[in-house]
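Input: a single structure, listed below in structure tokens.
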Amino acid sequence: MTTMTDPPKASFRLSQLIYDTRYRSYTFQFIALILLAALMAYLGANLVTNLADQGQNISFRFLAEPSGYDINQRLIEYDSQSSHLRAAVVGVLNTLIVAFLGCLTATILGVVAGVLRLSPNWLVRKLMAGYVEAFRNVPVLIWILIIFTIMSAVMPPPNAFRGDNATASMVFDAFAFTNRGVYTPAPIWGAGSLVVVLTFLASIIGVIYYRRYATRLLYDTGKLLPMGWPSLVILFLPSILVYFVMGQPISLDYPALKGFNFSGGLHIRGSLIALWFALAIYTGAFIAENVRAGIQAVSKGQTEAAASLGMRPNRIMKLVILPQALRVIIPPLISQYLNLTKNSSLAIAVGYMDVTGTLGGITLNQTGRAIECVLLLMIFYLTISLAISAVMNVYNQSIALKER
Amino acid sequence: MKKTVFLGALTVAGLVGGAAAAATLDDVKARGKLNCGVNTGLVGFAAPDANGVWEGFDVAVCRAVAAAVLGDPTAVEFVPTTAKTRFTALASGEVDLLVRNTTWTFSRDTDLKFDFVGVNYYDGQGFMAPKALGVSSAKELDGATVCIQTGTTTELNLADFFRRNNISYEPVPIETNAEGQQQYLAGACDTYTTDASGLASTRAAFENPGDHVILPEIISKEPLGPLVRHGDNEWGDIVRWTLNALISAEELGVTSANVAELASGPTDSPEVNRLLGTEGNLGEMIGLGKDWAVRMIAAVGNYGEVFEKNIGEKTPIGLARGLNAQWTDGGLLYSPPFR
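Respectively, the protein sequence lines represent chains P and S. To convert, count from 1 in the first sequence and add 470; that's my numbering. To convert, count from 1 in the second sequence and add 2; that's my numbering.
Printed below as a string of structure tokens:
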């Protein structure tokens with residue numbers, strides 16, 4: 471007969487915290503945690519004490535006070551009597567505009583340059599290599615300044631458009647390229663324009679459905695419908711018809727020289743253009759390298775297999791290589807988007823009023839609330855970066871290799 | 003090991019942060035150099051010459067303080083600051099003294115915890131425009147594009163001026179005077195606005211200064227003066243009385259040429275004697291020794307000499323004394339008595 475003996479009662483001794491492998495790692499992690507917390511507390515207390523020594527405190531009340539300064543590019547109603555908070559929001563929107571435009575342009579540039587870098591054509595390949603190396607290896611601030619300086623030095627000032635013997639003239643009487651930026655016609659939305667816009671949106675959905683249908687038809691029956699011209703027809707014809715049926719509700723507001731400047735139309739400021747282009751071509755060079763790496767990560771056998779099926783090079787790239795390459799391209803692409811967004815804080819170099827220029831620049835300077843302003847800036851950039859990451863991660867997951 | 007060094011550095015940083023508030027005089031003496039915050043480059047006020055030696059109207063104040071404190075007008079480390087970085091540089095202790103055409107305002111004096119020790123230039127904000135533009139008054143600037151240095155009081159004055167006159171404008175914010183000059187000359191802005199003295203100085207650096215006019219409107223009061231941190235009154239006194247000594251020296255007729263002779267023995271004027279230390283012990287009251295003012299005036303001259311040499315009518319900048327004449331000549335300069 472065997473007697474079941476209980477395992478010896480685990481009488482816990484303090485020394486076990488160090489000598490018992492079950493607890494040791496927890497002990498050290500706990501100690502590290504306490505030390506970290508103590509360090510943070512020390513730094514925080516240091517900040518508060520030093521501020522108190524200087525007779526200052528942390529307060530966000532300044533955000534509600536009138537800002538007292540004007541901002542040239544504003545998407546929302548703002549004047550010098552608006553609050554500092556509103557100035558910050560204007561800055562945030564300006565940051566988002568340039569980040570969005572920059573990311574979009576950088577992606578297009580990067581994909582094109584990345585694919586062309588692998589072109590069999592020697593000249594194209596070397597040109598793209600030149601682009602990548604030239605732009606990747608010069609700091610983005612320099613590019614911003616170069617583009618801005620070229621714009622303001624080379625383009626004609628508005629008064630060159632004036633008079634009988636004007637040295638500059640508008641392109642198609644609609645676009646004015648000046649050293650203060652580009653003036654383009656702006657749409658005026660009349661009554662009934664909503665219908666036109668809705669029709670156009672519906673057309674876009676229609677195009678997507680048509681292309682899906684054509685693809686499915688091709689896969690199911692092998693019958694190839696034309697894609698190009700029907701898409702264009704679906705996209706534009708209904709909108710144009712509706713536009714005339716509704717009595718041309720959308721008209722254009724052309725810029726015209728009035729007083730010191732052009733007025734009317736849409737003014738895309740030189741500072742925005744310089745910042746946008748510089749960020750786009752700089753980040754585009756990095757994205758080009760990501761794209762090239764992604765494409766080269768796809769085994770050459772895939773290309774050869776597709777080619778042996780009789781596919782043409784364009785189709786091979788679109789249908790075989792890029793879908794596989796995307797899995798390699800997307801993760802580094804996320805960090806390029808984050809870089810671009812954060813680099814947009816160099817805006818002040820050309821006087822573009824982004825959030826670093828308003829909240830972190832003028833507001834900080836006029837109120838002297840440096841810690842509060844920088845704290846808010848950090849929170850903003852953190853939020854926007856995490857948001858970009860989150861969206862891109864969702865996209866990444868949707869195209870990642872599904873293992874079943 | 004690395005962590006220890008890091009923590010040590012943090013502790014030291016904390017201690018230094020606490021200690022920087024007091025005894026600037028001792029720090030400067032121990033260092034043997036005065037750290038002086040100046041403009042990044044404004045001809046006549048603070049700019050390096052062809053040999054890289056800083057000179058100008060504001061620079062002279064730095065040199066005067068260095069001469070008074072250290073006995074050597076060249077013992078100055080000039081720290082170029084932009085409109086945005088200047089206050090941080092002073093508050094953090096990076097500079098001992100800020101002389102950077104800085105306007106004395108209520109909030110800077112109180113909220114930002116600085117002490118303005120006086121006014122070395124009475125200024126006001128003006129506009130400069132090309133002659134070809136055909137503008138004769140700032141009120142005709144409706145719709146104009148205006149270049150403006152960001153982070154300055156001029157930015158707020160500008161907004162107020164256009165709002166009061168109910169006209170519109172487009173601000174082009176720029177960081178430094180050089181950048182503003184470049185934008186203005188390229189025609190990227192119709193008009194450039196800053197302190198009238200700054201406009202005169204900027205225009206003097208142009209290829210064809212005659213093609214540009216400074217509009218008659220002065221839209222603000224801009225008393226420019228040196229400033230120090232709150233809380234070290236001894237240091238504040240030294241800078242204040244250095245400036246007053248420059249002004250008094252002009253009033254009393256003490257110049258860099260005759261100061262050695264006047265200081266060699268007591269003169270007929272008791273006030274000159276007190277200023278130059280041949281009578282009484284004013285210098286010792288601020289911890290600088292009897293001949294502090296002599297060293298200073300010998301090095302840079304009196305206020306009038308400094309003005310004429312750097313920004314006066316014989317220089318390309320060509321500013322008249324105007325408000326900056328002695329009170330005896332109908333100006334605003336009025337030094338408290340040396341007694």
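Don't be surprised by glycine CBs; every beta carbon is placed ideally from N, CA and C.
Asked, Found
"Inter-residue spacing [alpha-carbon to alpha-carbon] between F714/P and Y683/P", "30 Å"
"Cutoff 6 Å; reference V137/S; Cβ partners in own chain excluding five residues on either side", "A131"
"Beta-carbon contacts of S663/P that lie in its chain and below 7 Å, excluding the five residues immediately before and after", "P719 and I720"
"Segment contact flag, the segment 63-70 of chain S with the segment 271-283 of chain S, C-beta cutoff 8 Å, min 3 pairs", "no"
"Assigned secondary structure, Q185/S (DSSP; H/G/I helix, E/B strand, else coil)", "helix"
"Within chain S, the residues that G729/P reaches when beta carbons sit closer than 9 Å", "D144, G145 and A146"
"Start and end residues, beta strand (DSSP E) containing K728/P", "A726 to K728"
"Span of the alpha helix (DSSP H), counted from its first residue to its last, around M823/P", "Segment: none, M823/P is in no alpha helix (DSSP H) and carries neither H nor E."
"Extent of the continuous alpha helix (DSSP H) to which S721/P belongs", "Here S721/P belongs to no alpha helix (DSSP H); instead the beta strand (DSSP E) covers I720 to D723."
"Alpha-carbon to alpha-carbon, T204/S and S258/S", "29 Å"
"Any chain P beta carbon closer than 7 Å to E315/S", "no"
"Sequence-distant residues of the same chain with beta carbon closer than 7 Å to D723/P, five excluded per side", "P655, A656, I658, G734 and G735"
"Any C-beta of chain S under 7 Å from that of Y539/P", "yes"
"Proximity test, Cβ basis, 7 Å: P82/S and chain P", "no"
"For R883/P, the three-state DSSP class (helix, strand or coil)", "Because chain P here runs from 471 to 874, residue 883/P falls outside it and cannot be looked at."
"Residues of the segment 771-785 of chain P whose Cβ lies closer than 7 Å to any Cβ of chain S, in chain order", "none"
"Beta-carbon proximity check, F647/P vs M621/P, cutoff 7 Å", "no"
"Short CB-CB distance (under 7 Å) between P627/P and chain S", "yes"
"Short CB-CB distance (under 7 Å) between R839/P and chain S", "no"
"Where M697/P falls: helix, strand or coil (DSSP)", "coil"
"Residues bridged to P627/P (per DSSP)", "Bridge partners of P627/P: none, in fact."
"Proximal residues to E535/P (C-beta, below 7 Å), its chain only, five neighbours per side dropped", "S553 and H554"
"Among L245/S, E253/S and G333/S, the one whose alpha carbon lies nearest that of F59/S", "L245/S"
"Closest residue to L27/S among S337/S, D234/S, P75/S and W329/S (Cα-Cα distance)", "D234/S"
"Range of the contiguous alpha helix (DSSP H) that encloses D643/P", "Neither: D643/P is in no alpha helix (DSSP H) and is coded neither H nor E."
"C-beta atoms of A251/S and N304/S nearer than 7 Å", "yes"
"Y539/P beta carbon less than 7 Å from that of A93/S", "no"
"R165/S: contacting residues in chain P (beta-carbon distance under 7 Å)", "S550"
"Terminal residues of the alpha helix (DSSP H) in which W659/P lies", "Taken as a continuous stretch (DSSP letters only), W659/P belongs to no alpha helix (DSSP H), being part of the beta strand (DSSP E) at A656 to W659."
"Test item: CB-CB of D111/S and F118/S under 7 Å", "yes"
"Contacts around R494/P, its chain only, beta-carbon distance under 8 Å, and the 5 residues preceding and following it disregarded", "L487 and I488"
"Per-residue DSSP class, three states only, for C191/S", "coil"
"CB contact check: V55/S to chain P, cutoff 7 Å", "no"
"For T244/S, the three-state DSSP class (helix, strand or coil)", "helix"
"Listed by chain order, chain S residues near S709/P by CB distance under 8 Å", "Within chain S, no residue comes near S709/P; the closest Cβ sits about 35 Å away, beyond 8 Å."
"Neighbouring residues, chain A, relative to E219/S (Cβ below 7 Å)", "Going by chain labels, chain A is absent from the structure shown, which instead holds the protein chains P and S."
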